[in-house]
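Input: a single structure, listed below in structure tokens.
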Amino acid sequence: MHDVFICHASEDKDEVARPLAERLKAAGQDVWYDEFSLKLGDSLLGSIQKGLANSKYGVVILSPQFFTKKWALDELSGLHAKEIVGNKTILPIWHNITHSEIAAHAPILADRVAVPTSQGLDIVLEEILNAIQPGWTHKANKEHTLAVNPTSIRLYSGKFLDNIKTHITVVNRSDDPIYAVTLKILIHGDGVNANSLELNGDPQIPSIEEVVGGSIVSFDRLRQNCSNNENEQFAFFSFHTILPHGTRVLSVKGITPIDSTAEITIANFSDTPQELFFKNGNQIGTKITASENYKIHSIGIVQRWIPEKEGE
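Next up, the structure:
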């Protein structure tokens with residue numbers, strides 16, 4: 001069973017269909033796409049019908065060219081028929097087309113939530129993955145994709161929940177390592193500061209450690225307690241590396257006895273190696289910044305003291 005069937009006009013292949021299919025495949029999805037799925041000698045009609053029947057979702061790239069193609073319209077009709085009986089879900093993508101044009105050609109799709117390619121293929125990919133993998137939120141950069149779950153958590157809600165830790169899972173859905181993966185934990189609750197959160201990330205294996213002064217510092221995890229001009233409180237938590245198809249886990253616990261929640265998003269990541277810290281003698285500083293204006297109040301690191309040798 002394929003995850004996704006891509007329905008498109010041939011004129012939209014180079015700009016949208018092919019790169020989208022490649023990115024979906026790189027994110028671990030089983031994609032029925034003619035260039036991936038048709039072999040020499042295959043029956044075009046038979047292969048399309050088989051792809052339609054054996055795909056969970058149908059991504060339809062709606063464009064002015066699409067509505068001039070009989071094959072594309074036949075594929076759309078097949079997808080819609082299967083959606084009616086509950087066997088499939090249509091995920092419409094708008095490409096160089098307006099709502100009024102959609103309404104004129106396909107009224108059944110005019111009021112459907114869609115994503116336009118004008119937002120960029122990364123956003124299109126994220127929205128498709130969010131739809132076909134409920135509960136996960138994705139962030140994409142070309143062939144690299146991360147997923148996080150859950151994205152909304154309760155920090156504190158009275159004495160029965162004040163000792164609950166929530167485990168946030170971050171998954172690299174790519175074939176390459178991803179670096180400097182930074183989560184943003186945005187607090188919703190007046191009077192709850194970022195530095196009051198208990199945040200613990202799982203250690204990287206092998207570990208990245210350096211001696212700084214009289215302690216051994218882990219250079220694979222970094223915490224920053226921050227606020228912005230709107231006086232929102234949030235923390236950034238960064239993992240140095242997530243291996244291909246690997247997973248990292250961050251546990252979050254609220255300790256301020258105020259009813260509060262937090263929103264979890266992926267703030268940033270890099271496809272090239274990037275250090276979280278710089279070292280200057282017995283001092284260290286952070287090298288990680290996010291794409292927004294904020295003030296850092298404090299940072300958190302993982303360290304352990306070097307035991308003194310006997311007799312010293």
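Position one of the sequence shown corresponds to residue 1 (full-length UniProt numbering), numbered consecutively onward.
Each residue gets a CB set at the ideal place from its N, CA and C atoms; glycine is no exception.
Unbroken beta strand (DSSP E) runs of no fewer than 3 residues, entirely contained in the segment 109-197, are found at 137-141, 144-149, 152-156, 166-172 and 178-188, following chain order. Taking C-beta atoms as the reference points, residue 7 and residue 76 count as a pair closer than 9 Å. Taken through DSSP and simplified to helix, strand or coil, residue 68 comes out as helix. Its Cα nearest to that of residue 102, the residue 63 stands out among 63, 73, 284 and 133. A buried status is given to residue 117, since no fewer than 16 other beta-carbon atoms sit within 10 Å of its beta-carbon.
DSSP places residue 240 in the uninterrupted beta strand (DSSP E) bounded by 233-242. DSSP, read as helix, strand or coil, puts residue 105 in helix. If the five residues before and after residue 213 are omitted, its C-beta is found closer than 8 Å to the C-beta atoms of 282, all from its own chain and listed in chain order. About 23 Å separates the beta carbon of residue 250 from that of residue 191, a gap too long to meet the 8 Å contact definition. A straight line joining the alpha-carbon of residue 285 with that of residue 53 spans about 55 Å.
Closest in alpha carbon position to residue 65, among 11, 183, 186 and 79, is 11. Between residue 137 and residue 173 a beta carbon distance of about 12 Å is seen, past the 8 Å cut, so the two are scored as non-contacting. Residue nearest to residue 219 within the set 231, 230 and 205 is 205 (criterion: CA-CA distance). Straight-line measurement puts the Cα of residue 14 at about 44 Å from the Cα of residue 252. If you look at residue 210, you'll find it in the beta strand (DSSP E) that goes 209-212.
The Cβ-Cβ distance between residue 182 and residue 266 falls below 9 Å.
Shown here, residue 292 sits in coil according to DSSP, grouped into three states, outside any helix or strand. For the options 301, 180 and 155, the alpha carbon positioned closest to that of residue 188 is the one of 155. The beta carbon of residue 176 lies closer than 8 Å to those of 143, 144, 244 and 271 in the same chain, with the five residues before and after it left out.
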